[in-house]
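Q:
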Amino acid sequence: MQSWSLQESGLNGRVFTRPMGALELGFFLDGEFHGTADTIQLAEVQTTTPTEVFSEANVRRSWISLKQQFPLLGSSSHTDDEGKTGYFLVDEARLGSATSAEIRRREVDSIEAVEAIVQEFINGPRQLSSGIPARLYVLTRTDQADRFHILLHATHHITDGLANATALRTLLDYLTSPPVDLVPELEARLAMVVAPESLNPSLKLSIVHQRWRQAIAFVISEIKWRKIKGGNTLPRKVTPITDHTPARSCMASTTLSEEASTAIIATCRRNKVTFGNAFPVCAQVAFARVLYRQYARGEISAERWEQIRREPHHVCGPLNVRPFLDPDWFNKGGGEEVCLSIGFFYYTLPYVPLGESDPADMEKGQEAPSFASLLSSGRFFLRSNIIKQQSAALLHHPLFLDINAVRIPTRKDQKRNILKQWREAQSGKVGPAVASRDVSYLSPAVVFAHGGSSMGNMDRLLPSRYPLDPQDPLHASRKGTDASAKLQQSQGTAHPTLVLLSSDLRLRCRPGELYLGASTSNGKLHLKFFWDGNVFEDDAVKEWLDEVRDAVVWYLGQD
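Under our numbering, the first residue of the sequence shown carries the number 537, and numbering increases by one thereafter.
Structural data, given as structure tokens:
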């Protein structure tokens, strides 16, 4: 088990270290590759007492409290020269202080100015490092005195989607709550942020039993991967150095009305599927309509069209493994710890539904076949149930965690090699390569249509009003610390109020990434694509997103 060890203890506090898990090390190596996978949790907030909530002293106090509650935010990371092993270091003195490198403030005069800063962080020089894994940016709106934007920028090896939401919610709660004198016990907090591999319940079994499980999981994983072949995605532009060329991170999003969103969720419930089950099928039918237009425009060949007709459709993405980890850890609050606790899914749908129409008969600009002619509503839900069944088979498998862990060391090694190649390119040891048209759809290797995930209802993770009620299970005092009693005593104090108007998550894409995400907030369904603009054409991805939105409404938004 990869646990924390006390390295030194002195007048300035204690220093602890622990080895990184394979998953954490892989994402750390991602980040060292020009900030790949670094995330930004954004929030637009409104407050009635801006000078109090966002005073320099209050922001500093809240940031320190956040680091003391979630110590990985104030950690540093270290590896050997080859990146084969790594470890976290947490300095107690650093958790109790805040430097100018950790908190930045700027003034902006519009939403567009905020987006410009986000783009600077997403595609410009990396803002984070092995010594600064998290930064807080407070943007003051000069055009609206009661509006502020918060950017919580963090490396992916210490957070994931759920952790980012937890960190933002806790920060907003601290900003609007009285100071707390009692600091969480560091050893207790560190015990909650261990590598997910160390929380596998099977570790309580005998060594012999564990090895049997690992061996069986390896065989199952190998058999599964041998079956995953072929696949298709949008036309891509690739080169021999695409894997180690930093991505041009792009994002496009669309939001459905509250009425449409309510109808969509109701339709899913009525048909006994989740939106996450139906989402990949919507994307697949939308993909078919994009393909028709691309064929009519001469952007794909007859050869590829015939290949797509015969190929399966693969999708992949991250999933939250916290509920499957050690139950004692989970019940103590592990379900919402700020750490990296994800696994991965790989689902396969039948071939893309291209219908009976011959795209050769289409004229340029002619509309693609309707959703109904490509895939009936009945067959749509049959495919949604295929995803549901594959999801259940994955998550309910008694060796789920062991199977998921099989490929993580391979992923880590691949990332280490990519980082090495990029550094060699930076030093001039390799020359440039000429772009070539992608022919991967003819390769026996697997091609994923897209990555993605559905985060569900974000209002459950990010309430709109702060401070939170002290009895709210999401309140900062209800995380297993000794601060609860102190906060309870302070509730008579007048608190400033803050409203979360909107939140968003942005990321620095990895090379060749195409990621389709979904979430619900304020009663509205939000869809978004992240992609590498060096590899995929912007217009094609945006066209696909528009079709995904229309497919969601057509199949799920009607009575």
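C-beta atoms are modelled at their ideal positions from N, C-alpha and C, and glycine is treated no differently.
Report the option in F917, Y623, E733, E628 whose CA atom is closest to the CA atom of Q820.
A: The option with the nearest alpha carbon to Q820 is F917.
Q: What residue ranges within the stretch 643 to 701 form continuous alpha helix (DSSP H) runs of no fewer than 4 residues, ordered along the chain?
A: DSSP runs (the alpha helix (DSSP H)) wholly in the stretch 643 to 701: 647 to 659.
Q: Check L631 in the structure and name its three-state DSSP category.
A: Residue state, collapsed to three classes: helix.
Q: By the DSSP assignment, the beta strand (DSSP E) with W1067 in it spans what residues?
A: Here the beta strand (DSSP E) through W1067 covers 1060 to 1068.
Q: Under three-state DSSP, which class holds L609?
A: Correct three-state label for L609: helix.
Q: Out of A961, L935, I954, A753, which one is the CA nearest neighbour of G567?
A: Comparing Cα positions, the closest option is I954.
Q: Under the rule that 16 or more other beta-carbon atoms within 10 Å means buried, what is K951, buried or exposed?
A: Buried: at least 16 other Cβ atoms inside 10 Å.
Q: Per the DSSP calculation, D1040 is bridged to which residue(s)?
A: Answer by DSSP bridge pairing, in chain order: L578.
Q: In chain order, what residues of the same chain have a beta carbon less than 8 Å from the beta carbon of V644, not counting five sequence neighbours either side?
A: Around V644: V650, I653, L675, T676, R677, T678, H685.
Q: List the endpoints of the continuous beta strand (DSSP E) containing N953.
A: Counting along the chain, N953 falls outside any beta strand (DSSP E), though it belongs to the alpha helix (DSSP H) covering 944 to 962.
Q: Who are the Cβ neighbours of R596 in its own chain at under 7 Å, not counting the five residues just before and after it?
A: Result list for R596: A634, I639, in chain order.
Q: Only counting the same chain, and skipping five residues up and downstream in sequence, which positions put a Cβ closer than 8 Å to that of L704?
A: Correct list, in chain order: Q577, A579, I686, L688, L998, S1039.
Q: Looking only at its chain, what residues have a beta carbon closer than 7 Å to the beta carbon of E1079, apart from the 5 residues adjacent to it on each side?
A: So the list reads V826, once near-sequence residues are dropped.
Q: To the nearest angstrom, report how far apart L1010 and N594 are at their CA atoms.
A: Taking the straight line joining both Cα atoms gives about 21 Å.
Q: Determine which residues share a DSSP beta bridge with R550 and list them.
A: Per DSSP, S545.
Q: Consult DSSP for I639 and reduce its assignment to one of helix, strand or coil.
A: I639 falls in the strand class under three-state DSSP.
Q: In angstroms with no decimal places, state the Cα-to-Cα distance between G1016 and M728.
A: Below a pLDDT of 50, predicted positions are generally treated as unreliable, and G1016, at 42, falls in that range; the measurement from the model is reported next regardless. In a straight line, the C-alpha of G1016 is about 10 Å away from that of M728.
Q: Tell me the DSSP bridge mates of T884?
A: DSSP output for T884 lists H850 as bridge partner(s).
Q: Compare the beta carbon distance of T695 and L855 with 8 Å and say whether it is the shorter of the two.
A: No.
Q: Is there contact here, the stretch 843 to 860 with the stretch 784 to 794, by at least three beta-carbon pairs under 8 Å?
A: Contact fails: fewer than three Cβ-Cβ distances are below 8 Å.
Q: Can the beta-carbon of L1081 be found closer than 8 Å to that of T790?
A: In this structure, T790 lies closer than 8 Å to L1081 by Cβ.
Q: If contact is defined by three or more beta carbon pairs under 8 Å, each pair taking one atom from either stretch, is the stretch 542 to 552 in contact with the stretch 580 to 591?
A: The stretch 580 to 591, when compared against the stretch 542 to 552, does not touch it at the 8 Å Cβ threshold.
Q: Cutting at 8 Å between CB atoms, please list the residues of its own chain near S990, excluding the five before and the five after it.
A: Excluding sequence neighbours, S990 sits near T810, F811, G812, F815, G1053, A1054, S1055.
Q: When you compare the stretch 937 to 947 with the stretch 747 to 762, are there three or more beta-carbon pairs, one atom per stretch, that lie closer than 8 Å?
A: As far as the Cβ criterion goes, the stretch 937 to 947 touches the stretch 747 to 762, which means the pair count is three or higher.
Q: Start and end of the alpha helix (DSSP H) containing S927?
A: Counting along the chain, the alpha helix (DSSP H) containing S927 begins and ends at 913 to 931.
Q: According to DSSP, is M556 part of a helix, a strand, or is it coil?
A: Residue state, collapsed to three classes: coil.
Q: If you draw a straight line from the alpha carbon of E1098 to that of L910, how long is it in whole angstroms?
A: No answer is possible for residue 1098: it lies beyond the span of the chain, which begins at 537 and ends at 1095.
Q: Out of Y887, Y710, N700, which has the shortest C-alpha to C-alpha gap to A690?
A: Considering only alpha carbons, the answer is N700.
Q: Which residue wins for smallest C-alpha separation from T798, given the options T584, V551, F1072, N993?
A: Closest option to T798, Cα to Cα, is N993.
Q: Could you check the C-alpha separation between L1043 and V774 for me, to the nearest Å?
A: When rounded, the distance between both Cα atoms is 21 Å.
Q: Tell me the residue span of the alpha helix (DSSP H) that contains F815.
A: From DSSP, the alpha helix (DSSP H) with F815 extends over 811 to 832.
Q: If you draw a straight line from the alpha carbon of V730 to that of Q538, how long is it in whole angstroms?
A: So the alpha carbons of these two residues sit roughly 7 Å apart.
Q: In the DSSP assignment, the alpha helix (DSSP H) including L770 goes from what residue to what residue?
A: Run containing L770: none; DSSP gives neither H nor E here.
Q: Nearest CA to the CA of E903: which residue from G562, A822, Y673, R858?
A: Answer by Cα proximity: A822.
Q: Would the beta-carbon of G871 fall within 8 Å of that of P863?
A: Cβ atoms of G871 and P863: not closer than 8 Å.
Q: Where does L1052 sit, in a helix, a strand or coil, going by DSSP?
A: Three-state result, L1052: strand.
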